[in-house]
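Asks: Protein chains in written order, with my numbering: chain A, 1 to 363; chain B, 1001 to 1467.
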Amino acid sequence: MIKDKLTNTQMALQMFAAMVGVGVLSLPSVLVGSAGVDAWLVILLAGGYAVIAVSIMAYLGNRFPGKSIIQYAPLLLGHVLGTCVLLAFLLYFLMFVGTIVRMSADVTKLFLLDLTQVEVIVLGMLVTSTYLILQGVNAIARFNEFIQPLALFALLLVLTQTLRETDFGRLLPVLGDGIQSVLQSFPSVFFSLLGFEILLFLHPFMENPSRGLQSAFLAIGMTVVLYALLTILSIALMGAAEVELIEYPALAIIKSIEVPGSFIERLDSIMMMVWVPFAVTSIVMFHYCASLITSQLLGLQDHRVVSLLYVPIVFLIAVLPRNVLEVEKWSQWTSWLGVGLVSLVPLSMIVAYKWRARRVSST
Amino acid sequence: MKWDKELANRLGSSSDFQRYELGTEEKQLLFFYLDSLVNLTYIQNQLVDKLFQDQHPYPLTAVHTVDEAVQAILEGFIVIWSMSEQTAYKAISNGLESRSIEESENESNLRGPRDGFVESLNTNLSLIRRRLPNADLHIHIREIGRQTKTKVALLYVQGIVHPDVLHEVRTRLDTIDIDQVLDSGIVEQWIEDSWVSPFPQIQNTELPNKVLHAILEGRVAIMVDGSPFVLIVPVTFSMLFQAPDDYYDRWLIGSAIRIIRAVGALVALFLPALYIALISYHPGMIPTQLALSISATRAEVPFPSLVEAIAMEATLEMLREAGLRLPKMLSQTVGIVGGLVIGQAAVEAGIVSPVLVIVVAITAISTFLVPAYNASIALRMLRFPLMLLAGSLGLFGLILGALLILAHLVSLKSFGINYFSPIVPYRTKDWKDLLVRAPLPYLKERPEILHSFNSKRMNLQKRKKGW
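This is the structure in structure tokens:
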């Protein structure tokens, strides 16, 4: 009677959880740095690209009902290449988890716990995320279903308070630097949307897999709108030149708000409360997918042992970089790996699928 | 006379076993019973008279084997051996004393029926039957407990309950193999889903109305002989914050009370931890004026806020527990000593700050808002780890703690039903009866989460608007 399968809403929120993470705080600064005032346009463009990529993924998933990429990659690309692709995904996920944890810990240290060791903060986050991962994919889905809308609502509520001091004239001129710079900054923007590839792995858990694409569109739509909103507000509030210099513009704009008659002195505390769940859920999604790949490749029934084994590895990845610059470098590598995987793998697999289908039909 | 000897053999070692011979030449009867379980006056005035007056065969149940006879005697029946017929009968001896129905002390309600369950299973069943004269109310009684042979009754309404839920409850009850079932708590702990969880996954109640409400929604009730606490399964988290009054009062009142309870639960769980986090890590987040006045009161306090808060909260818990077990007269003294003397004196001695006393007092009051006692205990216990987290990692630790609790809650299940439903996974239809109790006409369907077969429970067509 109780079908423990992911509903469409849950799937959308899972993907949203994976996509929105640490980026929320630093994104506008990165974007504006590369694309100037047109940063929000680039986000829309990147969203369009994500939609194409995710469509291919959903198409593949629907062709192999009940199977995830872990099962059909070896079928389509051959055993060796397929396994290599999965291992690449595994590496990417583990790196991703490590860097997100580290970046989150850095931000937390900066704003909340300036005397605490980074390692302690990393450990705190990992304990929380691992506990959730051990409960299985459906519990994760329910968790996201609860926390994401709540966090999003709180975030938007705080953002409305910034509207009084905005000057949208700062967003002009649109396309003042020409389309060239927009296109050039495309890759760095696309980094921030990474996370939708978990559809490849979670598709078979859906109650109604044919609607997976719909959920993915919803998730990408929500993320793109949220990011564009954050970027537009940051620019409108501070101007592009300033946004570029500030490391965490989203916090900066919220810090600038003074709410008359409120009990809470600074709204950035609320922002941090919203942001920690965002970070933890991204960690959870990637860590879960990593343990899923390994356990299914090894033919294990359960992902739990593997996910526990990955905790020390992720911890090491998180604490190895010595400073922010190194973290930045690691994160760049991870992102490039991710972009490569997300762009090339679905494409090559769909080619392999079509080729195979044609061969089958011709014989 | 095989029976005579056999019974004496088995039961004779107990002093309360009695054997009496009565009768005339043509009609001779042997009586076997346990003194402690029968009402002698009743036997002499009613039973014996009737047995000898009546020319008809005895209007009693025949007993065929010695085992049956022993069991009947042990259960308080009187076994009668008729010499002439060479058969045994058992008769009700009307002797088992039980408490009369009274108002429940633990669950008092302002509006609604006052009677509460008692220890006798039959009385309890009659309380339910009387309110639901419906053949679809099925009651299945089984015996559980190797030694105690306790009667355990399963109650549900056929046609409303989902068979999978019923099946799950039955299979779990079948697995119970234990010496003694002296209270429904033993059954509860055996059949609950997760024994590590601090949250109760089975609801217990003393109110017949609560049970009826539950079984008419499609849940199953479990009654244990000898226990006034009836179990209700499956349970969702939100149920623990609801009381029957919510439905009997008008909807605005019911909703307002529910919202207050939800706020109370959050305050009970998080307020002391939040205090610690803000005072010791993020004083900048409190409005300046308030921060200054708090720090002024804290200037003389020699302890860090974590130690201060934990000491006060622990004292509070001790006081509460002390008041619970003492006679009523004494517990008032405990209240005065604890509340006034310790609170006041601790502040004046400069050991704790007055702000903390306020925080602790608000927390204490908030925990009493939760109607289910075991749920309120769970929240109270979780407060301490949260305080430790807040004391070691500040606001960040508090958030992590909250996320951990949430992760635990969403992973729990109660008899196949998600514990945190209908909140997640979204069952928007059931949200009408969650934080807000919608007006009665909007509650025309049974909760969706229970997958009841017969989901309609009202027909609004006959009800006119605006008479």
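Cβ atoms here follow ideal geometry from the backbone N, Cα and C, with glycine treated the same way. Bear in mind the structure is a predicted one, so any value in this text is a computation, not a measurement.
At the level of alpha carbons, what is the spacing between I1073 (chain B) and W1195 (chain B)?
Replies: Each residue's Cα considered, the two are about 38 Å apart.
Asks: Check N323 (chain A) in the structure and name its three-state DSSP category.
Replies: coil
Asks: Ignoring anything shorter than 4 residues or poking outside the segment 210-242 of chain A, list the alpha helix (DSSP H) runs there in chain order.
Replies: 212-238
Asks: What runs of the alpha helix (DSSP H), each 4 residues or longer, lie entirely inside the segment 112-187 of chain A?
Replies: 118-134, 137-160 and 178-184
Asks: Let me make sure I understand the geometry here. Which of B:V1301, B:G1339 and B:Y1089 has the alpha-carbon closest to that of Q1317 (chain B)?
Replies: Position check: residue 1317 (chain B) holds Glu in this sequence, whereas Gln was assumed. Among B:V1301, B:G1339 and B:Y1089, the Cα nearest to that of E1317 (chain B) belongs to B:G1339.
Asks: Give me, in chain order, the residues of the same chain whose beta-carbon lies closer than 7 Å to that of T223 (chain A); leave out the 5 immediate sequence neighbours on both sides.
Replies: Only F16, M19, V20 and L193 meet the Cβ criterion.
Asks: Compute the Euclidean distance between the alpha carbons of T128 (chain A) and T7 (chain A), then round it to the nearest angstrom.
Replies: 24 Å
Asks: Check the C-beta distance from M349 (chain A) over to L60 (chain A) and give it rounded, since I have them as a contact under 8 Å.
Replies: The beta-carbon distance between M349 (chain A) and L60 (chain A), rounded to whole angstroms, is 6 Å. This is short enough to meet the 8 Å contact definition.
Asks: Quickly, what does DSSP pair R1170 (chain B) with across the bridge? List them, please.
Replies: Note: R1170 (chain B) sits in no beta bridge, so no partner.
Asks: Looking at the unbroken alpha helix (DSSP H) that takes in N1106 (chain B), where does it start and where does it end?
Replies: From DSSP, N1106 (chain B) is part of no alpha helix (DSSP H); its letter is neither H nor E.
Asks: Give the residues from the segment 283-295 of chain A that approach chain B closer than 7 Å (Cβ to any Cβ), ordered along the chain.
Replies: none
Asks: In whole angstroms, what separates the C-alpha of A105 (chain A) from that of F217 (chain A)?
Replies: 30 Å
Asks: Less than 8 Å between the C-beta atoms of I235 (chain A) and V37 (chain A), yes or no?
Replies: Result yes, Cβ atoms of I235 (chain A) and V37 (chain A) sit closer than 8 Å.
Asks: Taking contact to mean 3 or more Cβ pairs, one atom from each stretch, closer than 8 Å, check whether the segment 1071-1086 of chain B and the segment 1123-1136 of chain B are in contact.
Replies: No, the segment 1071-1086 of chain B does not touch the segment 1123-1136 of chain B.
Asks: CB D1225 (chain B) to CB T1297 (chain B), shorter than 8 Å?
Replies: no
Asks: Output yes if chain A places a C-beta closer than 8 Å to the C-beta of M1329 (chain B); else output no.
Replies: no
Asks: Cβ atoms of P312 (chain A) and I147 (chain A): under 8 Å apart, would you say?
Replies: no
Asks: Can you tell me whether G299 (chain A) is buried or exposed, with buried defined as 16 or more other CB within 10 angstroms of its CB?
Replies: exposed
Asks: Among residues of its own chain, excluding the 5 on either side of A139 (chain A), which ones have a beta-carbon nearer than 6 Å to its beta-carbon?
Replies: Counting only residues of its own chain and dropping the five nearest sequence neighbours on each side, A139 (chain A) has no CB closer than 6 Å to any other CB.
Asks: Spell out whether any CB of chain A is found under 8 Å from the CB atom of L1460 (chain B).
Replies: no
Asks: Using a C-beta to C-beta distance shorter than 8 Å, which residues of chain B count as neighbours of G124 (chain A)?
Replies: Going along chain B in sequence order, the residues near G124 (chain A) (Cβ under 8 Å) are L1393, F1396, G1397 and L1400.
Asks: Hey, how far is the Cα of V1118 (chain B) from the Cα of E1097 (chain B)?
Replies: 12 Å
Asks: How would you write the range of the alpha helix (DSSP H) that Y1089 (chain B) sits in, first residue to last?
Replies: Taken as a continuous stretch (DSSP letters only), Y1089 (chain B) belongs to no alpha helix (DSSP H), being part of the beta strand (DSSP E) at T1087 to I1092.
Asks: Closer than 7 Å by C-beta to Y1442 (chain B): which residues in its own chain qualify, once you throw out the five before and the five after it? Chain order, please.
Replies: K1432
Asks: Terminal residues of the continuous beta strand (DSSP E) containing R1019 (chain B)?
Replies: In the DSSP assignment, R1019 (chain B) falls within the beta strand (DSSP E) that extends over F1017 to G1023.
Asks: Could you work out which residue in A:M57, A:L94 and A:L245 is closest to F286 (chain A) when comparing CA atoms only?
Replies: A:L94
Asks: Mind checking who N1204 (chain B) pairs with in its DSSP beta bridge?
Replies: B:L1231
Asks: Establish whether the CB of R142 (chain A) and some CB of chain B are separated by less than 8 Å.
Replies: yes
Asks: Of all the residues that make up the segment 1404-1416 of chain B, which are near chain A by a beta-carbon distance shorter than 7 Å?
Replies: L1404, L1406, A1407, V1410, S1411 and G1416
Asks: May I have a chain-ordered list of the alpha helix (DSSP H) segments no shorter than 4 residues that lie completely inside the segment 1382-1455 of chain B?
Replies: none
Asks: Restricting to Cα atoms, I'd like to know which of B:T1205, B:N1454 and B:A1277 is closest to I1399 (chain B).
Replies: B:A1277
Asks: Identify which residue in B:H1451, B:T1428, B:F1415 and B:R1457 has its Cα closest to the Cα of L1440 (chain B).
Replies: The shortest C-alpha separation from L1440 (chain B) is found at B:R1457.
Asks: Residues in the same chain with beta-carbon distance under 7 Å from I367 (chain A), minus the five sequence neighbours each way, listed in chain order, please.
Replies: Summary: the structure shown does not reach residue 367 (chain A), with chain A confined to residues 1 through 363, and so no result is reported for it.
Asks: Please state whether DSSP places D1115 (chain B) in a helix, a strand or coil.
Replies: strand
Asks: Closer than 8 Å, CB to CB, is Q135 (chain A) near chain B or not?
Replies: yes
Asks: When you compare only the Cα positions, how much space is there between S1093 (chain B) and V1048 (chain B)?
Replies: 11 Å
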